[in-house]
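What follows is one structure encoded as structure tokens, with my remarks underneath.
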Amino acid sequence: MSSHMTEATNTEERNARKIREGMVVSNKMNQTAVIAVVERVAHKKYSKMVIRTKKLYAHDETNDVNIGDRVRVMEIRPMSKLKRWRIIDPVTCHGSNIAFALQQFDQFQFMCRRYTGKC
Numbered sequence: 367m368s369s370h371m372t373e374a375t376n377t378e379e380r381n382a383r384k385i386r387e388g389m390v391v392s393n394k395m396n397q398t399a400v401i402a403v404v405e406r407v408a409h410k411k412y413s414k415m416v417i418r419t420k421k422l423y424a425h426d427e428t429n430d431v432n433i434g435d436r437v438r439v440m441e442i443r444p445m446s447k448l449k450r451w452r453i454i455d456p457v458t459c460h461g462s463n464i465a466f467a468l469q470q471f472d473q474f475q476f477m478c479r480r481y482t483g484k485c
């Protein structure tokens with residue numbers, strides 16, 4: 367009977383992990399990047415599309431992402447008080463061009479304020 371239990375635990379697979387895509391807004395911490403994820407959701411009462419921004423603290427093993435890069439992050443077990451995500455791969459890298467990265471970030475902030483009134 368015990369061999370049956372061990373076979374059952376060996377064949378179990380882990381649950382699917384959440385994957386999000388966002389823009390790096392800060393990389394000043396060691397092996398940590400702050401990612402802004404923007405999502406459009408329908409308002410419960412009025413059914414109007416509302417833009418929500420969440421900041422995720424993601425683990426960056428190699429410290430190679432820069433502000434303005436678009437990255438894909440995956441949910442992991444808690445690594446610290448705030449860090450529960452890991453950077454999988456960069457989608458686009460514009461961090462080396464600081465002027466372009468700042469322009470993208472300003473545009474992101476403008477769109478956020480325009481649709482929500484705050485950011």
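Mapped onto the numbering used here, the consecutive letters of the sequence shown carry residue numbers 367 to 485. Where a beta carbon is used, it is the ideal one built from N, C-alpha and C, also for glycine.
Item                                                                                                                                   : Value
Which one of Val-437, Arg-443, Arg-450 and Ser-413 has the shortest CA to CA distance from Ala-402?                                    : Val-437
In its own chain, which residues sit with a C-beta less than 6 Å from the C-beta of Ala-399, not counting the 5 before and 5 after it? : Val-390, Asn-393, Ala-424, Asp-426 and Val-431
Name the DSSP bridge partner or partners of His-425?                                                                                   : Thr-398 and Arg-452
By DSSP, does Ser-392 sit in helix, in strand, or in coil?                                                                             : strand
Taking Ile-454 as the reference, give the member of Asp-435, Arg-380, His-409 and Arg-406 with the closest Cα.                         : Asp-435
From Lys-410 to Arg-418, what does the alpha carbon distance come to, in whole angstroms?                                              : 14 Å
Three-state secondary structure (DSSP) at Arg-443?                                                                                     : coil
Does the beta carbon of Leu-422 fall short of 7 Å from some heavy atom of the ligand HEM?                                              : Within the structure as shown, the ligand HEM is missing, as the structure has no ligands at all.
According to DSSP, which residues form a beta bridge with Ile-433?                                                                     : Answer by DSSP bridge pairing: none, since Ile-433 is not bridged.
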